[in-house]
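Notes follow once the structure below has been shown.
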Amino acid sequence: MRRDTKIFKRSNRIAGVAIIASLILFGAGSRATLAQTAFDALRFSERQPGSGVRSLGMGGVGAAGIADYSAVYTNPAGLGLFKKSTLSGSLGIYSITDDAIYTVGSNSTSLSNDQSDTRLGHIAYVHKYPTARGSLVMAIGINQVQSFSRELVYSGDNGDNSATDFFMPLPGEFEIDADSGQDGIFGTDDDVFFPSFSRPLSFIAFELFAIDFDADLYDSGDPIPFFPAVTTGTVRQTGSVTESGAMTEFNLAGAYEAAQDVFLGASVNIPYGKWDFDRFLSEEDLQNDNDGSGGTIDFEFLEWDQFVESELVGINARVGAVIRPDNGVRAGLSIESPTYYSITETFGTIMTVGFDDGYVDTYGDSVQEDVGAGEFEYEILTPWRFSGGVGFTTGDLTVMLDGEYVDWSTLELDSGTFSFTDENRFIRQNFESVVNVSAGLEYRFDSFRARLGVASKKDPVDLLPNQIDPELGTLNRDRSYFSAGVTYAPNSQFALDIAWSQERFDDRFLPYEVTGGPVVTEEIARNRFSVGARFSL
145 MRRDTKIFKR SNRIAGVAII ASLILFGAGS RATLAQTAFD ALRFSERQPG
195 SGVRSLGMGG VGAAGIADYS AVYTNPAGLG LFKKSTLSGS LGIYSITDDA
245 IYTVGSNSTS LSNDQSDTRL GHIAYVHKYP TARGSLVMAI GINQVQSFSR
295 ELVYSGDNGD NSATDFFMPL PGEFEIDADS GQDGIFGTDD DVFFPSFSRP
345 LSFIAFELFA IDFDADLYDS GDPIPFFPAV TTGTVRQTGS VTESGAMTEF
395 NLAGAYEAAQ DVFLGASVNI PYGKWDFDRF LSEEDLQNDN DGSGGTIDFE
445 FLEWDQFVES ELVGINARVG AVIRPDNGVR AGLSIESPTY YSITETFGTI
495 MTVGFDDGYV DTYGDSVQED VGAGEFEYEI LTPWRFSGGV GFTTGDLTVM
545 LDGEYVDWST LELDSGTFSF TDENRFIRQN FESVVNVSAG LEYRFDSFRA
595 RLGVASKKDP VDLLPNQIDP ELGTLNRDRS YFSAGVTYAP NSQFALDIAW
645 SQERFDDRFL PYEVTGGPVV TEEIARNRFS VGARFSL
């Protein structure tokens, strides 16, 4: 049996231990443990193809010039192709399916989850100035450029490990202050120990008895004199990962015809948005294997919730050119400057642990319990983006092809209060340049226009061989898109646009990271339906 070395029971902890641990944690100046990684910077920097309904139906093309408000997103020189001033708006409806497989050891369980979201797609005004010759156009508006909405749910039985194993501190993440007690002799029952932690999760878990101190291990010189609440048997693990929010751009743009059929354009853009992230995991001692006998602890259940709320605002600029010869061919180039993002994040952790004797305690549900919670500010500088495209029109058929080059190894994180040296080094070593492609076609007949499109966005992550888990291997997160659309224009003053796009990609989530821990693989399909209207003035 383990010697009871604490000077308190579950229901009667003294304040000294908690105060000591809290002082060390705050002195360490810890930051959020869920965000501010290279992959979070990548998430905020990526964008979906097609911001306007017409462009969306054609796979997001537009670098060769398109007379649609989405030109501010693909190539602002395309605004010069407008023939009339136009007021437009659209609504976006998302339907996301996440098919998940929870695997631990040889045990696998499948679950599927559907989520929906409705947001403003865009609202914009394009003004064409009267000119004796050529074209001069200005535009102002907002349009959504990224949706974060998705939700993963998973469940399965785990007989190999527990989240309490993950809460265990590593050497260097804790200190033990020992007192020999009234008899002045170490190794006797009146010894008193005061653990303190530099890792927030270990501190919280210790407060709730999800992990505990073992004096016998300490006396024997064990480098980690703690033990988890779950030491045997099988636990039922159920969890979810919910993301919500979107990125929107405010655009101010203009284009003019510098020479016959040569258009130049530029835009200043202010992207802003919010990303909410919540991960939840519950564990239940399914068969009461941990009942307090045989050296076990009478663990019953655990609930662990971590959340991050990020607010982003940034600025960038785009410039572009479109050339339109008389033979139906047109070509365009566009350059986007790095986007500077300022990000404010609030984060927190709530954990509840229950035992068979009826003892239940929660940490993080009051303002005083703020370990693992706080606010953090940092910045992201995204890479340059270079786009080019060609288009060809013959009769009623238009075909367009776009390519975009992005060197993701130049992505950077920065903060005035924290060093991102390790994250930026990881980006330089493991992120690579990619070429994203999209293609679309449009066919006109009577009052209708029909569209089809495809697009592919490459995964920029290329891990070094020594960073690839031999059990998990690598994961290809390339994204593929398929789209279709139709426009009904009964007259020259009004048009109704409808488009659909489906995005498909694979992903993977680790509920916690221990050897042989559970892995959740995902197949995600995000359907986007857009409905918009255009009024020519």
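With the first letter of the sequence shown counted as 1, position 109 gets the number 253 in the numbering used here; the numbers rise by one all the way through.
C-beta: ideal position from N, C-alpha, C; glycine also.
Got a sec? Which residues, its chain only, sit under 6 angstroms from residue i by beta carbon, not counting five neighbours each side?
i	result
Asn413	Glu393, Asn395 and Asn460
Asp258	Thr241
Arg593	Glu586 and Thr631
Ser239	Ser260 and Asn671
Ala677	Leu640
Thr542	Glu586
Gly436	Asp442
Arg595	Gly201, Met202, Glu586 and Gly629
Asp323	Val336
Met391	Val289, Gln290, Pro415 and Gly417
Ala410	Pro220 and Val463
Val504	Gly498
Rounded to whole angstroms, what's the CA-CA distance from residue i to residue j? Just pull it up for me.
i	j	result
Tyr217	Ser195	7 angstroms
Leu223	Ser627	23 angstroms
Phe292	Gly201	20 angstroms
Phe338	Asp321	5 angstroms
Glu489	Tyr416	14 angstroms
Glu401	Phe407	4 angstroms
Ile267	Ala211	15 angstroms
Leu525	Arg572	14 angstroms
Gly209	Val197	15 angstroms
Leu477	Pro313	53 angstroms
Gly532	Ala399	17 angstroms
Leu619	Val289	25 angstroms
Val675	Ile286	16 angstroms
Pro662	Leu654	6 angstroms
Asp603	Arg623	7 angstroms
Val473	Thr537	7 angstroms
Arg187	Ser486	15 angstroms
Phe451	Val385	10 angstroms
Arg648	Arg263	20 angstroms
Lys601	Ser189	13 angstroms
Glu319	Ala354	18 angstroms
Leu231	Phe491	40 angstroms
Thr181	Ser577	19 angstroms
Arg294	Glu387	5 angstroms
Gly389	Val457	13 angstroms
Throw me the rounded Cβ distance for the residue i and residue j pair, which I believe falls under 8 angstroms.
i	j	result
Asp546	Val581	7 angstroms
Asp420	Glu447	About 19 angstroms separates the two Cβ atoms, so there is no contact after all.
Thr378	Asp301	5 angstroms
Alpha carbons only, please: which of the options is nearest the one belonging to residue i?
i	options	result
Pro315	Gln326, Ile355 and Pro369	Pro369
Gly539	Asn471, Thr488 and Ala599	Asn471
Asp449	Val473, Arg468, Met495 and Ser411	Met495
Asp509	Leu352, Asp433, Arg595 and Gly303	Leu352
Phe520	Asp558, Phe638 and Tyr503	Asp558
Asp334	Arg672, Ser340, Phe341 and Gly325	Gly325
Gly303	Arg198, Gly249 and Glu295	Gly249
Ser306	Val658, Gly676 and Thr665	Val658
Ala599	Ile329, Asn287, Gly584 and Asp500	Gly584
Glu317	Pro367, Gly331, Glu295 and Lys272	Pro367
Ala283	Arg294, Asn251, Asn219 and Tyr238	Asn219
Ile644	Ser346, Ser234, Ile467 and Ala475	It should be noted that the sequence gives Trp, not Ile, for residue 644. Minimum Cα distance to Trp644 is reached at Ser234.
Phe575	Phe562, Val534, Thr561 and Arg621	Arg621
Gly629	Arg623, Gly597 and Asp405	Gly597
Gly535	Ser189, Gln180, Val205 and Phe491	Val205
Leu296	Tyr522, Asp422 and Gly498	Asp422
Pro274	Gln192, Asp243 and Lys227	Lys227
Phe673	Thr440, Lys272, Gly265 and Glu548	Gly265
With a threshold of 16 other CB atoms inside 10 Å of the CB of residue i, please say whether the residue is buried or exposed.
i	result
Val579	exposed
Phe183	exposed
Asn635	exposed
Phe311	buried
Leu425	buried
Val270	buried
Asp429	buried
Pro469	exposed
Gln512	exposed
Skipping 5 residues on each side, what residues in its chain have a beta carbon closer than 7 angstroms to that of residue i?
i	result
Pro527	Pro482, Val550, Asp551, Trp552, Thr554 and Leu555
Gln637	Phe679 and Ser680
Asp501	Asp442
Here's a check: name, in chain order, each residue in its chain whose Cβ is nearer than 8 angstroms to the Cβ of residue i, leaving out the five neighbours to either side.
i	result
Ser299	Tyr246, Thr253, Leu255, Arg380, Gln381, Thr382 and Gly383
Arg652	Leu616, Leu619, Val663, Val664, Thr665 and Glu666
Leu345	Thr177, Phe310, Phe311, Thr493 and Gly516
Asn251	Gly300, Asp301, Asn302 and Gly303
Please confirm if residue i has its CB atom under 8 angstroms from at least one CB of chain C.
i	result
Pro220	Absent here is chain C; the protein component of the structure consists of one chain.
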